[in-house]
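What follows is a short report on a single structure.
Numbering (my numbering), first residue to last: 9 to 267.
Printed below as a string of structure tokens:
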């Protein structure tokens with residue numbers, strides 16, 4: 009790894025950790041809750057802040073343009089937008105089916121699907137600030153020296169570590185969903201591979217990876233969290249994600265190469 013990617017990972021974890029600290033403390037009544045909003049926002053955009061700082065050091069004034077231009081990438085089939093939206097929903101639905109076959113009683117409520125568009129849009133506007141850093145800067149920087157799989161795992165490891173404050177928060181929904189931080193790390197390493205597949209297949213489009221990120225959060229919220237089964241369905245969802253990741257690695261091997 010060159011020094012700039014080391015700078016990036018260090019800054020992303022440092023800024024994110026410091027910004028999220030008041031949120032963690034507030035959950036234990038150790039910090040005023042009415043002051044945490046700004047800190048949480050800074051924490052959420054910390055991957056972008058770190059990327060802007062490092063690209064300025066590495067590329068000069070053109071750094072910011074390099075990052076944000078990836079939202080306007082062209083030259084790939086628009087069907088990838090459907091893939092980014094539908095694949096996360098399909099994975100979650102397969103987990104529900106598998107869980108139901110195993111004896112789970114899924115509380116079906118079709119009205120929840122109405123919530124998908126607004127949750128998708130909201131999640132996109134929130135998650136894009138992660139994607140600018142992890143996929144917009146770190147992934148292409150790593151792929152200059154490593155293959156797509158290794159690059160995915162490195163990004164996934166730091167991406168997972170960046171989320172640690174979400175597990176430190178008292179009664180964290182993320183901790184409930186994933187059981188514990190170790191399982192989340194493994195899950196994120198797996199999921200990072202499919203993000204790389206999408207990024208490389210679309211000439212480095214952050215619009216696609218941000219949409220995929222948003223759709224994953226939206227599908228999981230609607231099918232798992234709101235159905236109150238996030239904790240119990242996780243082993244089945246984990247199995248589905250493993251199968252999907254293996255398909256991406258071995259069946260879509262050529263698509264894992266950077267374009």
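Heads up, the beta-carbon is just placed ideally off N, CA and C, and yes, glycines get one too. A quick note: this is a predicted structure, and the numbers were derived from the prediction, not measured.
Cβ-Cβ separation, residue j to residue i (assumed contact under 8 angstroms), whole Å
i           : j           : result
residue 170 : residue 34  : 19 angstroms between Cβ atoms; not a contact.
residue 268 : residue 149 : With the chain covering 9 to 267 only, the question about residue 268 has no answer from this structure.
residue 110 : residue 244 : 7 angstroms
residue 223 : residue 163 : Between residue 163 and residue 223 the Cβ distance is about 19 angstroms, and since that is not below 8 angstroms, they are no contact.
Where residue i sits in the DSSP three-state scheme
i           : result
residue 30  : helix
residue 182 : helix
residue 225 : helix
residue 174 : helix
residue 81  : coil
residue 119 : helix
residue 39  : coil
residue 16  : helix
residue 212 : coil
residue 220 : helix
Residue i - containing alpha helix (DSSP H), residue span
i           : result
residue 202 : 189-209
residue 248 : 238-258
residue 138 : 124-141
residue 151 : 147-151
residue 73  : 71-76
residue 98  : 87-109
residue 45  : 44-67
Buried/exposed call for residue i, threshold 16 Cβ in 10 Å
i           : result
residue 125 : exposed
residue 118 : exposed
residue 212 : buried
residue 87  : exposed
residue 130 : exposed
residue 143 : buried
residue 139 : buried
Within-7 angstroms CB hit, residue i to chain D
i          : result
residue 69 : Chain labels in this structure do not include chain D; a single protein chain is all it has.
Of the residues the options, the one placed nearest residue i, counting alpha carbons only
i           : options            : result
residue 227 : 48, 45, 55, 97     : 97
residue 62  : 146, 81, 240, 38   : 146
residue 246 : 186, 141, 30       : 186
residue 282 : 37, 26, 65         : The structure shown does not extend to residue 282, since the chain spans only 9 to 267, so no value can be given for it.
residue 257 : 198, 218, 232, 127 : 198
residue 249 : 140, 154, 99       : 99
residue 81  : 29, 37, 210, 165   : 210
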